[in-house]
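Visitor: Per full-length UniProt numbering, the sequence shown starts with residue 1, numbered consecutively.
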Amino acid sequence: MSKLWSPAVRELTPYVPGEQPREQLIKLNTNENPYPPAPGVGEVLRDFPTNHLRLYPDPDSSALREALAREHGVEVSQVFVGNGSDEVLALAFQAFFCQSRPLSLPAITYSFYPVYCRLYGIDYRTLALDDAWRVPLESLPADSGGIAFANPNAPTGHGHSRDAIAGLLERVTDCVVLVDEAYVDFGGESAVPLVDRYPNLLVTGTFSKSRSLAGLRLGYAIGSRELIEGLERVKNSFNSYPIDMLASAVGIAALQDKAHFEACREKVITTRERTRQRLERLGFEVLPSQTNFLLTRHPGQDAAQLFVGLRERGILVRHFNTEALRDFLRISIGTEDEMNHLIEALESLC
Ligand code: PMP
Numbered sequence: 001m002s003k004l005w006s007p008a009v010r011e012l013t014p015y016v017p018g019e020q021p022r023e024q025l026i027k028l029n030t031n032e033n034p035y036p037p038a039p040g041v042g043e044v045l046r047d048f049p050t051n052h053l054r055l056y057p058d059p060d061s062s063a064l065r066e067a068l069a070r071e072h073g074v075e076v077s078q079v080f081v082g083n084g085s086d087e088v089l090a091l092a093f094q095a096f097f098c099q100s101r102p103l104s105l106p107a108i109t110y111s112f113y114p115v116y117c118r119l120y121g122i123d124y125r126t127l128a129l130d131d132a133w134r135v136p137l138e139s140l141p142a143d144s145g146g147i148a149f150a151n152p153n154a155p156t157g158h159g160h161s162r163d164a165i166a167g168l169l170e171r172v173t174d175c176v177v178l179v180d181e182a183y184v185d186f187g188g189e190s191a192v193p194l195v196d197r198y199p200n201l202l203v204t205g206t207f208s209k210s211r212s213l214a215g216l217r218l219g220y221a222i223g224s225r226e227l228i229e230g231l232e233r234v235k236n237s238f239n240s241y242p243i244d245m246l247a248s249a250v251g252i253a254a255l256q257d258k259a260h261f262e263a264c265r266e267k268v269i270t271t272r273e274r275t276r277q278r279l280e281r282l283g284f285e286v287l288p289s290q291t292n293f294l295l296t297r298h299p300g301q302d303a304a305q306l307f308v309g310l311r312e313r314g315i316l317v318r319h320f321n322t323e324a325l326r327d328f329l330r331i332s333i334g335t336e337d338e339m340n341h342l343i344e345a346l347e348s349l350c
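#1: Starting from G146, follow the beta strand (DSSP E) in both directions and report where the run begins and ends.
#2: Could you tell me which of V16, I26 and E11 sits nearest to F307, measuring between CA atoms?
#3: Taking contact to mean at least 3 C-beta pairs separated by less than 8 Å, is the region 53-69 in contact with the region 166-174?
#4: Considering Cα atoms alone, identify which of R162, T322, G42 and V74 is closest to A107.
#5: In the DSSP assignment, the beta strand (DSSP E) including T126 goes from what residue to what residue?
#6: How about G188: is its Cβ closer than 7 Å to a heavy atom in ligand 1?
#7: Looking at ligand 1, does it come within less than 7 Å of S208, judged from the CB to the closest heavy atom?
#8: What are the boundary residues of the beta strand (DSSP E) that L246 is part of?
#9: May I ask you to check if the CB of A92 is nearer than 7 Å to at least one heavy atom of ligand 1?
#10: Any heavy atom of ligand 1 closer than 7 Å to the Cβ of S85?
#11: On the criterion of 16 or more Cβ atoms from any shown chain inside 10 Å, does Y110 qualify as buried, or is it exposed?
#12: Below 8 Å CB to CB, which residues in the same chain sit around P136 once its five sequence neighbours on both sides are set aside?
#13: For ligand 1, I want to know if Y116 counts as a neighbour, meaning its beta carbon is within less than 7 Å of at least one of the ligand's heavy atoms.
#14: What do you get for M1, buried or exposed, if any count of 16 or more other CB atoms within 10 angstroms of its CB means buried?
#15: Does ligand 1 have even one heavy atom less than 7 Å from the beta-carbon of N31?
#16: Tell me whether D185, by its Cβ, gets closer than 7 Å to a heavy atom of ligand 1.
#17: Taking 8 Å as the threshold (C-beta atoms), are I315 and L342 in contact?
#18: Does the region 326-337 come within contact of the region 14-31, defined as at least 3 CB pairs closer than 8 Å?
#19: Starting from the Cα of A249, find the closest Cα among I222, F186, E43 and V234 and give me that residue.
#20: When the Cβ atoms of the region 258-271 are set against those of the region 220-234, are three or more pairs found closer than 8 Å?
#21: Taking G205 as part of the beta strand (DSSP E), name the residues at either end of that continuous run.
#22: Using 7 Å as the cut-off, classify the Cβ of Y110 as near or not near the heavy atoms of ligand 1, replying yes or no.
#23: Cβ of C98 within 8 Å of Cβ of G84?
#24: Count the other CB atoms within 10 Å of the CB of E312; is the residue buried (16 or more) or exposed (fewer)?
#25: Quick check: does the Cβ of G215 come within less than 7 Å of any heavy atom belonging to ligand 1?
#26: Smallest Cα separation from L346: which of S289, F284 and E336?
#27: Please report the Cβ distance between A254 and V41, rounded to the nearest whole angstrom; I am assuming they are in contact, meaning their Cβ atoms lie under 8 Å.
#28: Taking the alpha helix (DSSP H) that I333 falls in, what are its first and last residues?
#29: Compare the C-alpha of I243 against each of P36, G18 and A63 and name the closest.
#30: Measure the alpha-carbon distance for D58 versus E280 and round it to whole angstroms.
#31: Please classify E226: is it buried, with 16 or more other beta-carbons within 10 angstroms of its beta-carbon, or exposed?
#32: Ignoring anything shorter than 3 residues, give me the beta strand (DSSP E) runs that lie fully in the region 276-311, in order along the chain.
#33: So what's A221 in DSSP terms, helix, strand or just coil?
#34: Here's the rule: buried if 16 or more other CB atoms are within 10 angstroms of the residue's CB, otherwise exposed. What is D163?
#35: How far does the alpha helix (DSSP H) with P106 in it reach, from first residue to last?
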């Protein structure tokens, strides 16, 4: 701890991302996609004219934003891009949530949000999930300084319907409602079609999960022009070149290959449901999931010990050491083969 740090940084417990091990482990801990990105991504990287790297990239990232706008049926001016949705979220927290009234967050959601709040001095309050581990849309207060949650939520996996999100937006009109759709492609329902009706809705998305590009760092936000302009103001004060040339070209190639995208997400969803059944047969309780992970607990087993046992067998899953989630493991969906190894390992441990 240094006295040279500002008070917010002194107080800060930084977010600790899941381990990226050097050894060859079956990696089911950070919700990456087990399948490679679209073949066009490889072609772009192979054929990229390296001499272009002398130049700064397009400060507006127009080509990538156009591709995203086409994909989502919105105007280019309604799209913002950044280095992973984590960066987009950070900019959104700075642009919209530094208000006199507190931000409302579900008590269990993406654990980065409270980190941003502490870093940027944002006052926030949390609301318990409902009895079925769902984000309590009805109890999110309309007089908040903002509302943020993941839909489907992480690490619980449940996603609310678009109609339910519209219901929230009918009620909450005076602050920004940020819906983080990092996992929406695995069975959730996107709120993007609502952005024209509700100017206070900001939806964020990522190329890290359903597009298999976590290593690239590419994320985006879609919302009203008013909100996108707010994000641009903050962004231009930090780094007026949001996306590097390579990431932009790769992102466009990934968006073009719809067949690859569909095939990968279908495989992930099928494997998820098969894994759920197999876990249930082993006595696990598994929360419903519209994501590429399962949150699960076993009534007779200690989750921390299972985590260690799996690791000893070469399988890495996620165990959150928080009071609410201590009994659970979060397991990302890998290939069928990887999930067979997981189930075999659990059979020997339970
Ligand atoms: N939102 C949620 C809910 C996530 O789980 C993650 C991944 N950890 C992110 C956003 C960030 O994704 P990325 O920065 O890779 O786009």
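Beta carbons are placed, not taken as given, at the ideal position from N, Cα and C, and that holds for glycine.
Guide: Reading it off the structure:
#1: G146 to A150
#2: I26
#3: no
#4: T322
#5: Y124 to L127
#6: no
#7: yes
#8: Not the beta strand (DSSP E): L246 falls in the alpha helix (DSSP H), residues M245 to Q256.
#9: no
#10: yes
#11: buried
#12: P106, L127, A128, L129 and D130
#13: no
#14: exposed
#15: yes
#16: no
#17: yes
#18: yes
#19: E43
#20: no
#21: L201 to T206
#22: yes
#23: no
#24: exposed
#25: no
#26: F284
#27: 6 Å
#28: First-last for I333: undefined, no H or E at that position.
#29: A63
#30: 50 Å
#31: exposed
#32: 293-297
#33: strand
#34: exposed
#35: No alpha helix (DSSP H) contains P106, which is instead part of the beta strand (DSSP E) from L103 to P106.
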